[in-house]
Structures are given as C-alpha cells and as structure tokens.
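Comments concern the structure below.
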Ligand SMILES: [Mn+2]
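In the numbering used here, the protein residues as written are 151 to 633.
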C-alpha cells in the first residue's frame with residue numbers, strides 16, 4: 151500500500167515513517183520552508199509543494215488507491231487541503247489530529263468531506279499505552295513476590311479441592327513464575343481431581359500434583375494459593391504468602407502479596423499477565439493448560455469473560471497445542487453423566503424458565519454441576535437448579551443466563567445460615583449438611599425435595615425489593631463456595 155502524508159512537523163514525519171514503513175511505501179508532502187530544507191529524507195519519498203494546490207498532489211502521483219494522511223495543526227487551511235486532495239482524485243483520506251478539539255473541528259468538515267476519517271494520536275495510542283502502564287505495575291508486583299519466594303526451600307502452590315483446569319494450569323504457571331520445578335515447588339490440594347475431563351487433562355498433559363493432609367501444609371516454607379483464597383480452608387491458613395484468584399475478594403485472612411481480580415474469567419488470565427509482565431517463556435504444555443483453563447472457566451467466553459480473557463486467549467493460542475485441547479474437551483460426555491442427564495429430565499420440573507431437578511444420591515458430586523451446565527443449554531431455560539445428596543451433604547448447583555437475578559444471591563438467600571453458599575452472578579453453589587437442610591425446609595423425599603427447591607427459586611425471583619446495600623457488605627464476610 152502506498153501512503154502520502156501531508157506533514158508540518160518533523161515529529162509527525164518520523165512517527166509515520168517508523169509506524170508505516172516497511173509495510174507501506176511512504177511519501178511525504180511538505181510545504182516550502184525551514185522543515186522542507188532541513189529534513190533528511192533518506193527513508194521515504196519527499197515532495198515539496200503547497201498542500202492547498204491540486205498540482206502538488208498530481209505531481210506526487212496521488213491515485214484513488216493511495217491513502218492520504220493529513221496532519222491537522224489546527225489551521226484553517228485544512229478545508230483547502232482537503233479540497234486539493236479531492237481535486238487530485240484522492241478518496242482514502244485520514245485527518246490525524248493531536249487533540250480532541252482537532253477531532254471536533256475535523257468532524258464538522260465531514261459534512262462536506264464524507265470520505266474523510268478522523269483520528270487522534272491519543273485514541274491511536276490509548277489502549278497500548280494503558281496496557282503497557284498496567285503491565286509495569288504488574289511487573290513490579292511479580293518481581294516483588296519472586297524475590298520474596300526466592301530463598302524458600304520448599305514452596306507449596308495450593309489449589310482448592312478437586313482441582314479444575316484453571317487451578318491446575320494456574321499451578322503450572324505459578325511454578326514457572328517462581329522459576330521452580332516439581333521438586334522445589336509442589337502443586338498440592340487436600341482432595342484430588344475427580345471429574346473425568348479433569349482427569350483426562352491431568353493424564354494428557356502429564357500434570358503432577360500431590361494430595362496433602364491439612365497438617366502437611368504447615369511443613370512448607372512458603373505457601374501460594376491459586377484460584378482460591380485462604381478462607382476456603384477454615385482454620386488452616388491464618389497467614390498466606392501469596393494469593394492469586396478471580397473469585398470475589400474475601401476478608402478474614404492475611405497474605406503478604408495478593409492479586410485478586412473478580413472481573414476476570416479465570417485465574418489463568420491473571421497469570422498470563424504475570425508471565426508476560428516478566429517476559430517468561432511459556433512452554434507448550436503450560437500454554438495448552440492455560441488456554442484450556444480459560445476456555446473451560448468462561449465456558450468458551452459464554453460466562454464471566456472480559457477483554458483481558460480474550461487478550462490472554464489470543465496470546466496463548468499460538469503457543470498451545472490445539473489438538474490436545476480438542477482431545478481434552480471430548481472427555482466431557484460420559485455414559486454415567488448421561489444417566490444423570492436422563493434422570494433429571496424424567497424427574498425434573500420446568501416453570502417460568504426455571505429447570506429444577508433433584509438427582510437423589512449420585513455417586514460423585516460432579517454430576518450435579520454437570521447436569522446444571524447441561525440444562526442451561528436447553529431452549530427456554532434461563533435458570534437451571536440441580537441438587538443432590540452426596541455423603542449426607544445437600545448440594546445445589548445453580549446456573550443462569552446472567553441477565554436475570556444473581557445466582558450467588560439466590561444460594562446466599564436460602565443456605566448461607568446453614569452451610570456454605572456463594573458464587574458468581576451466573577453460577578453458584580451451596581453445600582449444606584442434609585440434617586440442617588431438613589431442619590430448615592422440612593424432611594422430604596425425592597420429588598418433594600425438588601418441589602421445595604423450585605418454590606425457593608420462584609420465591610427468590612419474585613422478591614423485587616432485594617436489599618442490595620446490605621448484600622454488598624455481606625458478600626465480603628461470607629465464605630464462598632465453589633460452583
Ligand atoms: Mn477459576
């Protein structure tokens with residue numbers, strides 16, 4: 151592509167030269183005067199002439215396919231320059247200003263010159279500049295915790311129970327950031343992986359983690375938590391060294407360093423930024439794990455994703471093994487999961503776009519969130535509320551489409567006083583002792599339990615005057631459950 155730039159200052163000439171060449175062939179038009187005499191035009195073509203005259207552009211070989219960039223200095227002559235460009239046959243015209251006032255003025259010219267696009271330097275550099283500044287803040291933080299961890303003999307990178315892809319990938323990423331290996335930094339949890347697709351991820355990526363006893367945690371010199379906060383382990387960790395998480399920030403614990411970003415779709419997104427900030431090479435295995443984690447925590451950008459997640463995704467994508475991710479995703483459907491999907495369909499109830507089903511006593515907990523995810527895909531379903539009893543514990547998984555009321559509020563509304571309840575806007579979970587559930591809501595069997603659950607959902611959805619103010623304050627105190 152050929153660009154013809156009408157410039158008045160050397161800064162603009164140098165800037166356009168640096169940005170456009172060698173992608174574009176650059177020619178510069180400068181009016182006669184000091185700049186035209188002094189400029190060193192080794193790298194670009196130079197035409198000296200009056201930009202208000204058509205023949206200046208004809209001589210400079212302007213064609214309809216040439217992009218014309220006009221530096222707007224705020225002079226009134228801009229209109230005449232545009233007329234000259236048009237007269238010479240120019241159609242791809244950009245006016246580049248330095249301030250917002252220039253834009254407003256140039257915008258007013260568009261009535262007469264609709265072919266003109268206006269740009270400001272500020273809007274062109276805005277996003278990269280903000281990203282760069284954010285990255286240096288992150289870099290400082292990462293370098294501080296890297297130094298803090300550097301003299302520890304044994305480091306524990308602790309995840310929540312039954313680690314999911316985000317927890318596992320974050321463990322790997324954190325080990326890279328701390329520049330450690332599996333001997334000097336253990337990725338650990340108190341309960342191992344159980345969901346089939348997560349087991350498949352562990353196997354395919356050859357991930358190593360250790361299942362620890364609570365007392366083992368104290369034997370480490372330093373502890374970093376990823377995808378979880380210390381309150382998740384009541385009484386275990388009064389003091390942590392580092393906490394990286396994307397769940398709502400909780401109080402009631404101390405940590406030396408933390409980076410908690412509840413607007414992010416995954417902890418892997420935060421850690422991609424940490425890795426990039428300190429220029430660490432990301433291996434194919436780590437990139438594959440992190441990419442899979444972002445896809446899985448955001449349901450492939452269908453839930454709780456933002457620009458940072460998309461940025462991390464596009465950064466990791468070329469580094470990852472896409473085929474491997476396809477293989478891991480294929481593990482999602484299993485015969486036993488289908489059994490519970492069918493059971494929910496046969497025994498569940500649908501009312502006011504709410505699908506509600508009680509699964510009885512499934513052999514594993516993960517059937518409950520799986521079925522909840524599954525039924526949110528069904529047409530007309532806006533809320534999916536699936537419950538079941540595992541080891542004398544009543545478990546509820548809630549999913550919704552996000553534009554109605556908050557799923558986290560629903561579980562807190564009914565279950566916070568008798569167990570642990572929490573989650574995001576679109577996904578939430580409650581875990582309560584069965585006995586406590588029965589004491590509060592009555593002792594029921596199968597379909598009656600489901601009927602009671604459906605009533606609770608509808609009652610919640612019908613409550614219009616939610617006490618929003620007190621809720622926000624409460625959210626910080628309450629223990630959070632993992633959906
Ligand atoms: Mn996560």
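Even for Gly, the Cβ is constructed at its ideal location relative to N, Cα and C. What you are looking at is a predicted structure, and each value in this text was computed from that prediction instead of being measured.
Helix or strand or just coil, what does DSSP make of residue i?
{"i": "residue 522", "result": "helix"}
{"i": "residue 627", "result": "With a pLDDT of 37 at residue 627, under the threshold of 50, the modelled position of that residue is not reliable, and the figure given next carries that caveat. If DSSP states are grouped into helix, strand and coil, residue 627 belongs with the helices."}
{"i": "residue 438", "result": "helix"}
{"i": "residue 186", "result": "helix"}
{"i": "residue 490", "result": "helix"}
{"i": "residue 370", "result": "coil"}
{"i": "residue 163", "result": "helix"}
{"i": "residue 661", "result": "This structure does not reach residue 661, given that the chain is present from 151 up to 633, and the question cannot be answered."}
{"i": "residue 172", "result": "coil"}
{"i": "residue 477", "result": "helix"}
{"i": "residue 155", "result": "strand"}
{"i": "residue 632", "result": "Here the model assigns residue 632 a pLDDT of 47, short of 50, so the residue's position is not dependable and the matter cannot be decided."}
{"i": "residue 308", "result": "strand"}
{"i": "residue 583", "result": "strand"}
{"i": "residue 193", "result": "coil"}
{"i": "residue 622", "result": "Residue placement at residue 622 is poorly supported in this model, since its pLDDT is 42, which falls under 50; the coordinates are not used for a value here."}
Taking the CB atoms as reference points, tell me whether residue i and residue j lie closer together than 7 Å.
{"i": "residue 395", "j": "residue 406", "result": "no"}
{"i": "residue 393", "j": "residue 372", "result": "no"}
{"i": "residue 581", "j": "residue 570", "result": "yes"}
{"i": "residue 462", "j": "residue 413", "result": "no"}
{"i": "residue 370", "j": "residue 435", "result": "no"}
{"i": "residue 537", "j": "residue 526", "result": "no"}
{"i": "residue 440", "j": "residue 464", "result": "no"}
{"i": "residue 217", "j": "residue 153", "result": "yes"}
{"i": "residue 466", "j": "residue 437", "result": "yes"}
{"i": "residue 338", "j": "residue 376", "result": "no"}
{"i": "residue 155", "j": "residue 219", "result": "yes"}
{"i": "residue 511", "j": "residue 539", "result": "yes"}
{"i": "residue 246", "j": "residue 232", "result": "no"}
{"i": "residue 203", "j": "residue 234", "result": "yes"}
{"i": "residue 607", "j": "residue 504", "result": "yes"}
{"i": "residue 211", "j": "residue 195", "result": "no"}
Identify which residue in the options has its Cα closest to the Cα of residue i.
{"i": "residue 342", "options": "516, 208, 381", "result": "516"}
{"i": "residue 347", "options": "302, 331, 360, 315", "result": "315"}
{"i": "residue 543", "options": "588, 353, 472, 239", "result": "588"}
{"i": "residue 327", "options": "349, 289, 345, 312", "result": "289"}
{"i": "residue 506", "options": "320, 337, 480, 548", "result": "548"}
{"i": "residue 243", "options": "266, 257, 221, 259", "result": "266"}
{"i": "residue 530", "options": "510, 332, 499", "result": "499"}
{"i": "residue 182", "options": "287, 199, 195, 601", "result": "199"}
- Query: What residues sit near ligand 1, counting only those whose C-beta is closer than 6 Å to one of its heavy atoms, in chain order?
  - Reply: 316, 377, 396, 416, 417, 447
- Item | Those runs of the alpha helix (DSSP H) which lie wholly inside the stretch 585 to 619 and span at least 4 residues | Given a length threshold of 4 residues, each whole run of the alpha helix (DSSP H) inside the stretch 585 to 619 is given here in chain order: 596 to 612.
- Contained beta strand (DSSP E) runs [length at least 3] in the stretch 382 to 427, N- to C-terminal order: 389 to 395, 404 to 410
- Entirely within the stretch 522 to 549 and at least 4 residues each: give me those alpha helix (DSSP H) ranges in chain order. none
- Item | alpha helix (DSSP H) runs wholly inside the stretch 231 to 298, at least 4 long, in chain order | Runs of the alpha helix (DSSP H) inside the stretch 231 to 298: 250 to 259.
- Message: If we require 3 or more residues per run, which beta strand (DSSP E) segments fall completely within the stretch 327 to 365?
- Response: Here the runs fully enclosed are 335 to 339.
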